[in-house]
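So that you can map any letter, position 760 of the sequence shown is 762 in the working numbering, and since no number is skipped, the others follow by simple counting. These notes concern the structure reproduced below.
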Amino acid sequence: MRSIVRGAAIVLALFITLSASAQKKKKDVTQFVNPFIGTGGHGHTYPGAVAPFGMVQLSPDTRLEGWDGVSGYHYTDSVVYGFSHTHLSGTGIADFCDVLFMPTTGEPQLKNTEYRSGFKKANETASPGYYSTLLDKYNIGVELTATTRVGVHKYDYKNAPQGNVIIDLQHRDEVLDSWIEVVNDHEIRGFRRSKSWATDQHLYFYAKFSKPFKSYGIASDDQVQQGKNKLQGKNIKMYIQFEDPGTVISKVAISSVSAEGALKNLDAEMPDFDFKKVVKATKLAWNEELSKIQVEGGAPNVTQQREANSVYNPYGTTRPAAKGKKEEVPDYAKQKQVMFYTALYHCMVAPSTYSDVDGQYRGMDQKIHTANGFTYYTAFSLWDTYRAENPLLNIIDRKRTLDFIKTFLAVYEQGGLLPIWPLATTETYCMVGNHSIPVIVDAYAKGIRGFDAEEAFTAMKAAVNRHQFGLDNYRATGAVNADVEHESVAKTLDYAIDDWCIAQMAKMLNKPQDYKEYIQRAQYWKNVHNNQNGFMQARDNGGWYTPFEPTEINNNYTEGNAWQYSFLVPQDVEGLIKSLGGKVNFEAKLDELFSTNAKLSGRQQDDVTGLIGQYAHGNEPSHHIAYLYNFTNSPDKTQYYVSKILREQYSAQPDGLSGNEDCGQMSAWYVMSCLGIYNIAPGQQQYQVGVPQFEKITINMENGKKFIISNPGATVSRGNFYLQGMNLDKKPYSKLYLKYEDVAKGGEFEVYTGRLVNKLFIQDLEKPTSAITDELIVPNPYITSGTKTFKQSISVEIACADSAAKVYYTLDGSTPTAASTEYSKPINIMVNTTVKAIAIRAGKSSFVDEATFTKIRGDIKLTLVHKYLSNYSAQGDETLINGIHGAANWRLGNWQGYQSNDLVAILDLEQVKSVKQVSIGTLQDTRSWIVFPGSVEFWLSDDGKNYKLAATVNSKIDVKDLTPQTQQYTAPVNKKTRYIKVVAKQFGALPEWHESKGSPSYIFADEITVE
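Here it is in structure tokens:
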């Protein structure tokens, strides 16, 4: 071990020396980073100390719960609980905040409500790799810094006669096991195993202090156990106490492997207690990373602004200066640089290093592995970052991207599945799709090698051919159907993007059969595109999900609605244009998206923010849309809306992000858009041309080449965002895209902008391409009737988006062929019937489309005393007697929801009849607030006025059972009656242990059956 430590120390010293030498040639761009941007609003970032892509994120914890407390910190808070060593950057779900340290004075307190302290924003500072604050309660100055795997605390107790450090292992999430041990009067080690988003996280730590502590106490369940130097349990805390402490430095390393691994990390990365040296080294490391892109200018200088007698903001409008008052003119070029470099900084705090200095890490299989020749990472928010973050890193951080891919393949080797949203040792399965695939394919397409491409290809196919999350339904029918899987539209579209990427990989690896299969699957978006209204709409019972409102946020989409998902075909934009009827219609649809006054409807979704019309920049599915105007006859609208988004959805304030940062994606969009180039579909080699936001941008690539982008108009006027001319390597350039090879080989891209649209220039520019032209599929037909159930008869129609295709159908349950009945007119249905249909064109057939229509009993009339919730209406007023039973996944529909009021249903059998038994089906998904009724009462009456209780059936399943499941409440009756009243009693407020304790629970019911 000594040789490892000594070698690592030499490497660290060499790194510092080389970095210091390199910085003589580099401008300090860390001065433009403000880590507080994104810590307010819904950004969910943290301001603490972290090295680039560091394992340790040492930051203050000011908020313990709530959606805007996900990172542990919110800018509006004024109380701090302490400083923990792991944090997530901008996620929508909480986790981490492990191993809390809190310096105090006086008698040590172990409850967080007692040891916490107030603090003032005026005393709080942050920069890359550094954070400081003053604890008002104790008058203790706190400074934090970090190496990759070590967090370093500096506590200034000033003149206090004694000082404490509280170490709280219970802090934040559920503890499964923990222990802490005093090694000697300078050293402590411990372990924390916890359950939250990551369901089984192991974290070991080793701490060393610059001064000996004179006493300590370890507590279990907040009771100090005298004479113990080690305790284990689920609520372990301790204090250490210093006499005449002055300044105390503690350095804390972490590891997923072992306490010994944490000690190796500690000794390798910080062999001494030189706090300033670490601050300097981490700052230099940040400057090295951030200097990969250098920007200059960005706005008129202060003198120009003052001469213009105006007050100006980086993107906004000009207003006259107040009369008789000299207004100070800010340096807006600097503000834009702050926004840019802070965004670039946020692109480099995640994912996080997860392997120790010796390469060991705990894998997704909970076994210890060694990363040979690469660094293993965790916290990949791939559904977000594949769009802009990873394409950005493919330009400026290709070696690290290779390590990401090797991490993906290690995860596959250990568990048989490429990562989706891996966190620590847990696959969270968060979000939809399998978006490690586009990350790998984009890297390979852009020349990144050094990994086993054949293994990667096998892993990709394994990921999209498993039986999970509707993938089997997608393969079998050409779409994920809403009555089979929730978020069906989003899944269909995301799966098609992944399949397109696999097709591109197949082409690059010369696998024609695989290419044929996956380029067909890449077109399955056509099966959820309703050509009648132009929206991506869920498929349900062979037709379209109804009622349909494009502004509605519901369970057919992932954090969005039809407006935001109807343009998610980056792999086949030209196919989407054709499906909408041409460029004019496509442009009009885009215009309506950005300009509509319609408001969001449906369920509350905090992620859907940053609205411009129905465009939602606060969530990722919208991020490519503004660039789609480049495919129309009005590419100036790309320039307009990109500039508008930059202007309105970002600022240099704590609430300067319009939505969750999402591990770098929100910031990566800003960075790429400031460069003036954007890759709408990873795997494509074209970057869409937008509007560069600085006078000069220099991209320093790993191959030693530089790609320089210039826009002198950005420094002339804030309103210069329309293209007037372009040069590439000093030659006139006439394309609305740049190829990757143009960037990779180095060169200069000059963009000239002005205040007015230059139609003469842009009308002749070559448009980008995004089209699938091989193995074109025939879209599935759709069967429509307006209802799944009927009492008399209904008329059923069948159509297909491909007007040249012929439709054939059957009504007897058999599979239709070209020899079946050709559809020519509406079909009249009078009995229970399953309609199956196919569309055929030029010998090619669609998938079989299928719809089942059920005749409702006509001898029962249903009356609901309390109206169901409009968001959970299922098929409407007769849902509870329509013969359709819901599945345990309530998001598929067929469940009627009731809140606050009991469910009271009265059935009129129209005459007195013998009734053997009555039952009602209900559902429980406690996490989603849906709880089985405590009991269901069954009442009988002959006249509909005077009822007698026939039976009461109690729930057999506890509210603490978190498994989504259904339960039948069945009452034997064996009596004659005409009226039956069913009363399902609400459980009431959610219990104390629930994360939403006190909120009213729901009853979900699906079918009342009378025998």
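We put the CB at the ideal spot given by N, CA and C, even for glycine.
Worksheet entry | Classification of residue 725 by the beta-carbon crowding that lies within 10 angstroms, buried from 16 upward | As a first step, residue 725 must be located in the sequence shown, where it is residue number 723. Buried: at least 16 other Cβ atoms inside 10 Å.
Worksheet item: Going along the chain, which unbroken runs of the alpha helix (DSSP H) with 4 or more residues stay wholly within the region 156 to 230?
Response: none
Item to complete: With DSSP as the reference, label residue 438 as helix, strand or coil.
Response: For the purposes of this step, residue 438 is taken as the residue at position 436 of the sequence shown. Residue 438 falls in the helix class under three-state DSSP.
Worksheet entry | Unbroken alpha helix (DSSP H) run spanning residue 266, endpoints | On the sequence shown, residue 266 is found 264 positions in, with the first residue counted as 1. Element bounds for residue 266: 261 to 271.
Discussion item. By the three-class DSSP mapping on this structure, what secondary structure does residue 961 have?
Written reply: Within the sequence shown, the letter at position 959 stands for residue 961. In this structure, residue 961 counts as coil in the three-state DSSP scheme.
Discussion item. Which same chain residues end up closer than 6 Å to residue 43 when comparing Cβ atoms and leaving out the 5 residues on each side of it in sequence?
Written reply: Taking the sequence shown and counting its residues from 1, the one referred to as residue 43 is at position 41. Around residue 43: 657.
Fill in: Assumed close pair residue 1009, residue 911 - CB separation to whole angstroms, cut-off 8 Å
Here residue 1009 is taken as the residue at index 1007 of the sequence shown, counted from 1. Here residue 911 is taken as the residue at index 909 of the sequence shown, counted from 1. 16 Å between Cβ atoms; not a contact.
Fill in: Length of the line joining the Cα atoms of residue 234 and residue 192
Numbered from its first residue, the sequence shown carries residue 234 at position 232. Numbered from its first residue, the sequence shown carries residue 192 at position 190. C-alpha separation (whole angstroms): 9 Å.
Practice prompt. Starting from residue 907, follow the beta strand (DSSP E) in both directions and report where the run begins and ends.
Written response: Residue 907 sits at position 905 when you count from the first residue of the sequence shown. Per DSSP, residue 907 belongs to the beta strand (DSSP E) from 905 to 926.
Worksheet entry | Rounded straight-line distance, which links the Cα of residue 777 to that of residue 515 | For this step, residue 515 is matched to residue 513 along the sequence shown. For this step, residue 777 is matched to residue 775 along the sequence shown. Their Cα atoms are separated by approximately 11 Å.
Worksheet item: Name the DSSP beta bridge partners of residue 712, please?
Response: The residue given as residue 712 occupies position 710 in the sequence shown. According to DSSP, residue 712 bridges with 698, 752.
Worksheet entry | residue 703 and residue 295 closer than 8 Å at C-beta | On the sequence shown, residue 703 is found 701 positions in, with the first residue counted as 1. On the sequence shown, residue 295 is found 293 positions in, with the first residue counted as 1. Against a cut-off of 8 Å, the Cβ pair of residue 295 and residue 703 comes out as no contact.
Item to complete: With DSSP as the reference, label residue 6 as helix, strand or coil.
Response: As a first step, residue 6 is located in the sequence shown; it is residue number 4 there, counting from the start. For residue 6, the predicted structure reports a pLDDT of 38, less than 50, and the residue's modelled location is therefore unreliable. The matter cannot be settled from this model.
Worksheet item: Among the residues of its own chain, which have a CB less than 8 Å from the CB of residue 165, if the five just before and after it don't count?
Response: Here residue 165 is taken as the residue at index 163 of the sequence shown, counted from 1. Correct list, in chain order: 105, 106, 107, 142, 157, 159, 243, 244, 247, 250.
Discussion item. Cutting at 7 Å between CB atoms, please list the residues of its own chain near residue 281, excluding the five before and the five after it.
Written reply: Sequence index remark: in the sequence shown, residue 281 carries index 279 (1-based). Hits under 7 Å: 131, 132, 147.
Worksheet entry | Beta-carbon gap between residue 756 and residue 715 smaller than 8 Å | Taking the first residue of the sequence shown as 1, we reach residue 756 at position 754. Taking the first residue of the sequence shown as 1, we reach residue 715 at position 713. Yes, these two residues count as a Cβ contact at 8 Å.
Worksheet entry | Three CB pairs or more closer than 8 Å across the region 743 to 756 and the region 783 to 792 | no
Practice prompt. Provide the residue(s) that pair with residue 388 in DSSP beta bridges, ordered along the chain.
Written response: Position 386 of the sequence shown, counted from the first residue, corresponds to residue 388. BP columns for residue 388 are empty, so no partner.
Practice prompt. Could you tell me if residue 632 is buried or exposed, where buried requires 16 or more neighbouring beta carbons within 10 angstroms of its beta carbon?
Written response: Mapped onto the sequence shown, residue 632 falls at position 630. Buried, by the Cβ-count rule.
Practice prompt. Leaving out five residues on either side along the sequence, give the residues of the same chain with a beta carbon under 6 Å from the beta carbon of residue 236.
Written response: Looking up residue 236 in the sequence shown gives position 234. Within the same chain, residue 236 has close Cβ partners 177.
Discussion item. In this structure, how does DSSP classify residue 305 when only helix, strand and coil are distinguished?
Written reply: Here residue 305 corresponds to residue number 303 of the sequence shown, with the count starting at 1. Residue 305: helix per DSSP, three-state reduction.
Worksheet entry | Proximal residues to residue 1011 (C-beta, below 6 Å), its chain only, five neighbours per side dropped | Translated into the one-based positions of the sequence shown, residue 1011 becomes position 1009. Cβ neighbours of residue 1011 beyond the five flanking positions: 921.
Fill in: Extent of the continuous alpha helix (DSSP H) to which residue 644 belongs
Counting from one through the sequence shown, the residue named residue 644 turns up at place 642. Looking at the DSSP string, the run of the alpha helix (DSSP H) that includes residue 644 is 638 to 650.
Discussion item. One question on the structure: do residue 790 and residue 855 come within less than 8 Å of each other, judged by their Cβ atoms?
Written reply: As a working mapping, residue 790 is identified with position 788 in the sequence shown. As a working mapping, residue 855 is identified with position 853 in the sequence shown. Cβ distance < 8 Å, so residue 790 and residue 855 count as in contact.
Worksheet entry | For residue 84: DSSP bridge partner residues | As a working mapping, residue 84 is identified with position 82 in the sequence shown. Bridge partners of residue 84: 63.
Discussion item. Less than 8 Å between the beta carbons of residue 905 and residue 1005, yes or no?
Written reply: In the sequence shown, counting from the first residue as 1, residue 905 sits at position 903. In the sequence shown, counting from the first residue as 1, residue 1005 sits at position 1003. Yes. Within cutoff.
Practice prompt. Tell me whether residue 460 is buried or exposed, calling it buried when 16 or more other Cβ atoms sit within 10 Å of its Cβ.
Written response: Working through the sequence shown from its first residue, we reach residue 460 at position 458. Exposed, by the Cβ-count rule.
Worksheet entry | Nearest-angstrom Cα separation, counted from residue 836 out to residue 466 | If you number the sequence shown from 1, residue 466 lands on position 464. If you number the sequence shown from 1, residue 836 lands on position 834. Cα to Cα, residue 466 sits roughly 30 Å from residue 836.
Item to complete: Spatial neighbours of residue 993 within its chain, please: CB distance less than 7 Å, with the 5 preceding and 5 following residues excluded, ordered by chain position.
Response: In the sequence shown, the residue the question calls residue 993 occupies position 991. Answer for residue 993: 961, 999, listed in chain order.
Discussion item. Extract the residue ranges of the beta strand (DSSP E) inside the region 714 to 751, only unbroken runs of 3 or more that lie entirely within it.
Written reply: 724 to 730, 739 to 741
Practice prompt. Assign residue 964 to one of two classes, buried (16 or more other C-beta atoms within 10 Å of its C-beta) or exposed (fewer than that).
Written response: One-based indexing of the sequence shown puts residue 964 at position 962. Answer is exposed; the Cβ neighbour count stays below 16.
Fill in: Beta-carbon proximity list for residue 416, same chain, < 6 Å, skipping 5 on both sides
In the sequence shown, the residue the question calls residue 416 occupies position 414. Cβ neighbours of residue 416 beyond the five flanking positions: 365, 366, 367.
Worksheet item: Counting pairs of Cβ atoms below 8 Å between the region 805 to 815 and the region 839 to 853, do you hit three or more?
Response: yes
Discussion item. Can you tell me whether residue 116 is buried or exposed? The criterion is at least 16 other CB atoms within 10 Å of its CB, across all chains shown.
Written reply: By 1-based counting over the sequence shown, the position of residue 116 is 114. Answer is exposed; the Cβ neighbour count stays below 16.
Fill in: Reduced DSSP secondary structure (H/G/I, E/B, other) of residue 406
Here residue 406 refers to the residue found at position 404 when the sequence shown is read from its first residue. In this structure, residue 406 counts as helix in the three-state DSSP scheme.
Worksheet item: Around the Cβ of residue 573, are there at least 16 other Cβ atoms within 10 angstroms (buried) or fewer (exposed)?
Response: What you label residue 573 is simply residue 571 of the sequence shown in a count that begins at 1. So residue 573 counts as buried.
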